[in-house]
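Student: Before I ask anything, here is the structure I am working with.
Number of protein chains: 2
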Amino acid sequence: MKNDPSQPSSPGRRGFLKAGGVAAAGFAATGGAQAALTRPHTDDPLAQIEPFYGAHQAGVVTPQQSHTYVAAFDLKTEQRDDVIALLRDWTRAAAQMTQGKPAGMLDTPDDKTAVDSADTLGVGPAALTVTFGFGPGLFATQDGKDRYGLASKRPAALVDLPRFNGEQLVAEKTGGDLFIQACANDPQVAFHAVRQLARMGYGAIQMRWGQAGFLSGQKGQTPRNLMGFKDGTNNPSTRSAAQMNQFVWANGDDAAWMHGGTYTVVRRIRITLEHWDRMELGFQEQVFGRHKYSGAPIGRKNEFDALDLGAQDKDGNPVVAENAHVRLSNQATNDGAQILRRSYSYNDGTNFYVERWPPWRQETEYDAGLIFIAHQSDPRTGFIPINARLAKFDMMNQFTTHIGSAIFAVPPGVREGSFVGAGLFDA
Amino acid sequence: MKNDPSQPSSPGRRGFLKAGGVAAAGFAATGGAQAALTRPHTDDPLAQIEPFYGAHQAGVVTPQQSHTYVAAFDLKTEQRDDVIALLRDWTRAAAQMTQGKPAGMLDTPDDKTAVDSADTLGVGPAALTVTFGFGPGLFATQDGKDRYGLASKRPAALVDLPRFNGEQLVAEKTGGDLFIQACANDPQVAFHAVRQLARMGYGAIQMRWGQAGFLSGQKGQTPRNLMGFKDGTNNPSTRSAAQMNQFVWANGDDAAWMHGGTYTVVRRIRITLEHWDRMELGFQEQVFGRHKYSGAPIGRKNEFDALDLGAQDKDGNPVVAENAHVRLSNQATNDGAQILRRSYSYNDGTNFYVERWPPWRQETEYDAGLIFIAHQSDPRTGFIPINARLAKFDMMNQFTTHIGSAIFAVPPGVREGSFVGAGLFDA
Numbered sequence: 001m002k003n004d005p006s007q008p009s010s011p012g013r014r015g016f017l018k019a020g021g022v023a024a025a026g027f028a029a030t031g032g033a034q035a036a037l038t039r040p041h042t043d044d045p046l047a048q049i050e051p052f053y054g055a056h057q058a059g060v061v062t063p064q065q066s067h068t069y070v071a072a073f074d075l076k077t078e079q080r081d082d083v084i085a086l087l088r089d090w091t092r093a094a095a096q097m098t099q100g101k102p103a104g105m106l107d108t109p110d111d112k113t114a115v116d117s118a119d120t121l122g123v124g125p126a127a128l129t130v131t132f133g134f135g136p137g138l139f140a141t142q143d144g145k146d147r148y149g150l151a152s153k154r155p156a157a158l159v160d161l162p163r164f165n166g167e168q169l170v171a172e173k174t175g176g177d178l179f180i181q182a183c184a185n186d187p188q189v190a191f192h193a194v195r196q197l198a199r200m201g202y203g204a205i206q207m208r209w210g211q212a213g214f215l216s217g218q219k220g221q222t223p224r225n226l227m228g229f230k231d232g233t234n235n236p237s238t239r240s241a242a243q244m245n246q247f248v249w250a251n252g253d254d255a256a257w258m259h260g261g262t263y264t265v266v267r268r269i270r271i272t273l274e275h276w277d278r279m280e281l282g283f284q285e286q287v288f289g290r291h292k293y294s295g296a297p298i299g300r301k302n303e304f305d306a307l308d309l310g311a312q313d314k315d316g317n318p319v320v321a322e323n324a325h326v327r328l329s330n331q332a333t334n335d336g337a338q339i340l341r342r343s344y345s346y347n348d349g350t351n352f353y354v355e356r357w358p359p360w361r362q363e364t365e366y367d368a369g370l371i372f373i374a375h376q377s378d379p380r381t382g383f384i385p386i387n388a389r390l391a392k393f394d395m396m397n398q399f400t401t402h403i404g405s406a407i408f409a410v411p412p413g414v415r416e417g418s419f420v421g422a423g424l425f426d427a
Numbered sequence: 001m002k003n004d005p006s007q008p009s010s011p012g013r014r015g016f017l018k019a020g021g022v023a024a025a026g027f028a029a030t031g032g033a034q035a036a037l038t039r040p041h042t043d044d045p046l047a048q049i050e051p052f053y054g055a056h057q058a059g060v061v062t063p064q065q066s067h068t069y070v071a072a073f074d075l076k077t078e079q080r081d082d083v084i085a086l087l088r089d090w091t092r093a094a095a096q097m098t099q100g101k102p103a104g105m106l107d108t109p110d111d112k113t114a115v116d117s118a119d120t121l122g123v124g125p126a127a128l129t130v131t132f133g134f135g136p137g138l139f140a141t142q143d144g145k146d147r148y149g150l151a152s153k154r155p156a157a158l159v160d161l162p163r164f165n166g167e168q169l170v171a172e173k174t175g176g177d178l179f180i181q182a183c184a185n186d187p188q189v190a191f192h193a194v195r196q197l198a199r200m201g202y203g204a205i206q207m208r209w210g211q212a213g214f215l216s217g218q219k220g221q222t223p224r225n226l227m228g229f230k231d232g233t234n235n236p237s238t239r240s241a242a243q244m245n246q247f248v249w250a251n252g253d254d255a256a257w258m259h260g261g262t263y264t265v266v267r268r269i270r271i272t273l274e275h276w277d278r279m280e281l282g283f284q285e286q287v288f289g290r291h292k293y294s295g296a297p298i299g300r301k302n303e304f305d306a307l308d309l310g311a312q313d314k315d316g317n318p319v320v321a322e323n324a325h326v327r328l329s330n331q332a333t334n335d336g337a338q339i340l341r342r343s344y345s346y347n348d349g350t351n352f353y354v355e356r357w358p359p360w361r362q363e364t365e366y367d368a369g370l371i372f373i374a375h376q377s378d379p380r381t382g383f384i385p386i387n388a389r390l391a392k393f394d395m396m397n398q399f400t401t402h403i404g405s406a407i408f409a410v411p412p413g414v415r416e417g418s419f420v421g422a423g424l425f426d427a
């Protein structure tokens with residue numbers, strides 16, 4: 001099934017390339033007569049561009065785009081130089097794609113494999129961000145050998161996550177040596193980015209898991225998750241440098257190369273929507289500790305009204321239940337700890353499930369829920385203690401099951417001409 | 001875990017309802033101070049409204065929205081009246097939701113289950129269309145009993161699909177007695193619609209399969225599928241009433257109640273993207289019979305240049321290969337038959353697969369591809385012969401696997417005050 005040399009070459013495509021300058025001008029400029037329709041203006045979410053280079057990687061405090069594709073890879077190569085070469089290639093290609101350009105030149109000869117799958121040709125940059133992370137496996141010692149000579153560089157904060165109460169992790173949705181988070185205002189642009197990067201690693205890496213996610217709603221409003229509640233109201237403010245430095249960015253105390261990076265936890269949390277939908281409205285609100293429609297704390301009126309965990313009703317009972325999600329996850333319950341949640345919903349259709357509540361039906365139900373993504377300066381004081389408490393006591397647990405889990409060190413941003421994680425390998 | 005009567009009631013939510021009039025004004029009007037930001041204007045894809053009532057159901061010739069959720073259900077009830085009651089409820093709720101309103105009133109008491117999951121509160125109508133269809137099971141005779149007294153009403157055109165060469169159908173992605181296709185410019189709005197309708201049928205129906213899909217790209221351009229090629233260039237024109245009457249709308253010859261309806265085939269087609277991405281560009285173009293970047297037929301310059309299946313190169317070989325997709329699917333190869341394709345890509349993350357090409361790796365790969373959706377006046381002259389030919393000869397088959405399949409009679413549009421499929425039950 002090789003290319004048949006008896007076939008004529010491709011005057012259409014070649015002429016198109018010659019006339020349109022695809023390779024030079026990039027995806028956003030293609031389309032000939034349609035160019036005027038797609039000219040960038042700030043209101044068009046497909047025309048927006050996020051900068052790739054900077055002190056921090058994009059995709060952490062970046063205003064959340066409407067779609068994501070996250071993926072983790074196992075390293076198969078045993079060569080440190082292969083890893084460095086891959087990170088250099090990834091950096092170059094990611095920088096290109098965030099500008100709305102293909103991962104590489106499009107002027108491929110007919111008898112060669114194209115560098116780019118071209119499925120987002122003409123769509124636009126769509127505010128694409130590509131964020132890279134390193135899992136514990138990059139620093140591992142295997143069969144007595146320091147795999148990539150990086151064992152001594154592993155940050156103390158990049159711990160292996162402990163087992164949490166009730167989690168039902170499956171290996172094929174868990175872990176990974178390398179991590180890519182692509183976010184964009186278009187599902188295909190996000191997936192396209194990961195797909196091109198994955199291709200560059202054929203042979204050196206193997207996909208471990210990949211997951212698409214989305215976020216609905218109007219810009220400027222707190223989005224609602226699939227349970228119908230606003231999610232992210234109590235996030236630390238990305239506009240506050242002080243809060244970001246305290247809660248999100250690593251200060252490099254335990255690993256200088258991580259200064260300005262962050263630690264990212266990803267959890268695939270299935271939500272039993274059929275079960276949730278059968279619950280009384282008042283009960284749903286007690287589970288969250290918030291009113292459903294307004295997003296206000298129980299007993300208050302507006303979404304951003306202060307949460308008063310000490311408030312009691314006339315009988316002396318707490319207004320916000322002892323095991324409400326909002327109480328258990330709040331910084332006041334967690335020694336002031338905060339994490340920056342930047343989660344997406346996921347919807348993988350349906351699967352066969354055995355319900356874990358009466359009458360214990362066995363039937364086809366939604367395979368949907370939350371791709372929980374949290375960034376923090378140190379998971380030992382962030383996600384781990386917070387989630388340990390939630391896993392034990394949160395009323396929400398009867399509707400949620402943690403299926404996948406991973407932790408990554410997300411290095412700081414990239415200087416033009418350098419590559420992501422250069423500080424780890426150079427030092 | 002019932003609502004605790006010792007807890008205070010919900011002044012925040014009640015006050016919100018009272019002040020904002022959620023139930024009356026609907027989702028689109030909520031948001032208080034943010035209303036000005038979300039005021040409908042035609043450029044905002046979340047503010048667009050598609051009419052629900054009309055001679056035909058919406059979602060067939062409607063300009064394709066960016067997202068879909070399609071689902072099929074098995075009927076569990078044995079009562080004809082239950083089916084009618086469900087269709088009445090579905091019609092009313094779907095009409096509401098397409099206007100950006102919840103499926104039912106939101107002023108639920110705390111101790112009751114809310115009619116609407118509220119996860120799209122504030123998002124907007126997002127051009128939602130909801131399209132209903134009937135599978136062969138609705139007309140079936142089971143254990144010698146005509147299930148719903150409809151056996152004699154089954155249209156001859158609603159055939160059981162034959163087995164096609166190479167298909168690998170799985171039962172849990174195939175078939176169904178009732179069908180809902182929700183399309184919207186937002187993934188959560190599309191899923192929300194199906195989810196509320198599914199809830200209304202608890203007890204009477206059981207979900208058989210559900211599937212989310214998306215479509216990328218700029219409005220006014222032919223979208224590209226995940227293989228990177230434009231998909232839909234050669235569709236019959238939805239602006240031509242003559243073409244729609246000939247190829248899409250049923251004329252009711254074999255079942256008067258279907259006059260103005262259509263027959264819809266849904267196929268879940270997995271695409272082995274890793275394998276495809278390793279193919280030479282020229283070979284990919286021969287598989288499709290089109291140039292990748294421009295979408296032009298092989299040897300031509302522009303997407304809409306005429307396809308000349310008789311063209312030969314200087315050696316007398318066909319310019320468009322004998323087994324190219326574009327040749328085998330073209331009306332000239334199929335006695336003039338055309339179908340209206342309105343497909344979406346899907347992306348369900350990753351799964352473990354055994355490759356069916358050397359070196360037959362066994363590894364985690366993309367679970368992604370195409371939710372092929374085709375509407376036609378008669379599948380016996382439409383999808384069935386076209387796909388029979390493709391299934392045998394199409395070069396593309398080495399990259400595609402049909403996993404799911406279903407066929408439905410989609411009744412004509414609904415008159416206000418009536419319900420979808422009324423003609424079937426009234427007659």
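Residue numbers (the UniProt record's numbering), protein chains in the order written: chain A, 1 to 427; chain B, 1 to 427. From the three backbone atoms N, C-alpha and C, an ideal C-beta is built for every residue, glycine too.
1) So is residue 304 of chain B buried or exposed if we call it buried at 16+ other beta carbons inside 10 Å?
2) Residues of chain A with CB closer than 7 Å to the CB of residue 360 of chain B, please, in chain order.
3) Let me confirm a value: residue 320 of chain A is counted as buried when at least 16 other C-beta atoms fall within 10 Å, else exposed. Which label applies?
4) So if DSSP puts residue 317 of chain A in a beta bridge, which residue, or which two residues, is it bridged to?
5) Are any of the Cβ atoms in chain B nearer than 8 Å to that of residue 381 of chain A?
6) Using 10 angstroms around the beta-carbon of residue 313 of chain A, count the other beta-carbons present and answer buried if the total reaches 16, otherwise exposed.
7) Measuring straight from C-alpha to C-alpha, what distance separates residue 247 of chain B and residue 340 of chain B?
8) Would residue 436 of chain A pass as an interface residue toward chain B - the criterion being a Cβ-Cβ separation below 8 Å?
9) Just list the residues that DSSP pairs residue 132 of chain A with in beta bridges.
10) DSSP on residue 191 of chain B, reduced to helix/strand/coil?
11) Say whether the stretch 148 to 163 of chain A touches the stretch 211 to 220 of chain A, bearing in mind that this needs 3 or more beta-carbon pairs closer than 8 Å, one atom from each stretch.
12) How long is the line joining the alpha carbons of residue 183 of chain A and residue 59 of chain A, rounded to whole angstroms?
13) Given that residue 348 of chain A touches chain B, what residues does it touch there, using C-beta distances under 7 Å?
14) Would you kindly check if the distance between the Cβ of residue 175 of chain B and the Cβ of residue 224 of chain B is under 8 Å?
15) Give every residue of the same chain whose Cβ lies closer than 6 Å to the Cβ of residue 425 of chain B, excluding the five residues on either side of it in the sequence, and list them in chain order.
16) Specify whether the stretch 163 to 177 of chain B and the stretch 132 to 139 of chain B touch according to this definition: at least 3 beta carbon pairs, one from each stretch, less than 8 Å apart.
17) Is the CB of residue 354 of chain B under 8 Å away from at least one CB in chain A?
18) Pick from A:195, A:258, A:205, A:107: whose alpha carbon is nearest that of residue 227 of chain B?
19) When you compare the CB positions of residue 371 of chain B and residue 278 of chain B, do they come within less than 8 Å of one another, or not?
20) Should residue 65 of chain A and residue 185 of chain A be called a contact, given that it needs their Cβ atoms to be closer than 8 Å?
21) My guess is that residue 273 of chain A and residue 113 of chain B are in contact by the Cβ rule of under 8 Å, so how many angstroms apart are they, rounded?
22) Determine the DSSP secondary structure at residue 56 of chain A, reduced to helix, strand or coil.
23) Please determine, among B:394, B:214, B:108, the residue with the shortest C-alpha to C-alpha distance to residue 189 of chain B.
24) Taking the CB atoms as reference points, tell me whether residue 401 of chain A and residue 211 of chain A lie closer together than 8 Å.
25) Roughly how many whole angstroms lie between the Cα atoms of residue 163 of chain A and residue 96 of chain B?
26) Touch check for the stretch 104 to 112 of chain A and the stretch 69 to 86 of chain A: three-plus C-beta pairs under 8 Å?
27) In chain B, which residues lie with their C-beta within 8 Å of the C-beta of residue 212 of chain A?
28) In terms of residue numbering, what span does the beta strand (DSSP E) encompassing residue 400 of chain B cover?
29) From B:411, B:55, B:80, pick the residue whose C-alpha is nearest to that of residue 264 of chain B; which is it?
30) Where residue 47 of chain B and residue 116 of chain B are concerned, what is the direct C-alpha to C-alpha distance, given to the nearest angstrom?
31) Does residue 276 of chain B come out as helix, strand or coil in the three-state DSSP assignment?
32) Applying a beta-carbon distance threshold of less than 8 Å, which residues of chain B neighbour residue 277 of chain A?
33) Could you tell me which residues DSSP pairs with residue 297 of chain B in its beta bridges?
34) Note down, in chain order, every chain B residue with its Cβ under 7 Å from the Cβ of residue 108 of chain A.
35) Is DSSP giving residue 207 of chain B helix, strand or coil here?
36) Determine, using beta carbons only, whether residue 209 of chain B comes closer than 8 Å to chain A.
Tutor: So, from the data block:
1) exposed
2) None at all; the shortest Cβ gap to chain A is about 15 Å.
3) Looking at its Cβ environment, which holds 16 or more other Cβ atoms inside 10 Å, residue 320 of chain A is buried.
4) Bridge partners of residue 317 of chain A: none, in fact.
5) no
6) A residue is called buried once 16 or more other Cβ atoms fall within 10 Å of its Cβ, and residue 313 of chain A, having fewer, is exposed.
7) 8 Å
8) No answer is possible for residue 436 of chain A: it lies beyond the span of chain A, which begins at 1 and ends at 427.
9) A:180
10) Helix, per DSSP.
11) Touching, no.
12) Taking the straight line joining both Cα atoms gives about 7 Å.
13) 348, 349
14) no
15) 84
16) yes
17) no
18) A:195
19) no
20) Between residue 65 of chain A and residue 185 of chain A, the C-beta spacing is below 8 Å.
21) Not really, about 13 Å apart at Cβ, beyond 8 Å.
22) coil
23) B:214
24) no
25) 46 Å
26) For the pair of segments examined, the stretch 104 to 112 of chain A was found not to touch the stretch 69 to 86 of chain A: the number of CB pairs separated by less than 8 Å stays below three.
27) 347, 348, 349
28) 400 to 410
29) B:411
30) 20 Å
31) helix
32) 113, 117, 195, 199
33) Paired residues: B:290.
34) 281
35) strand
36) yes
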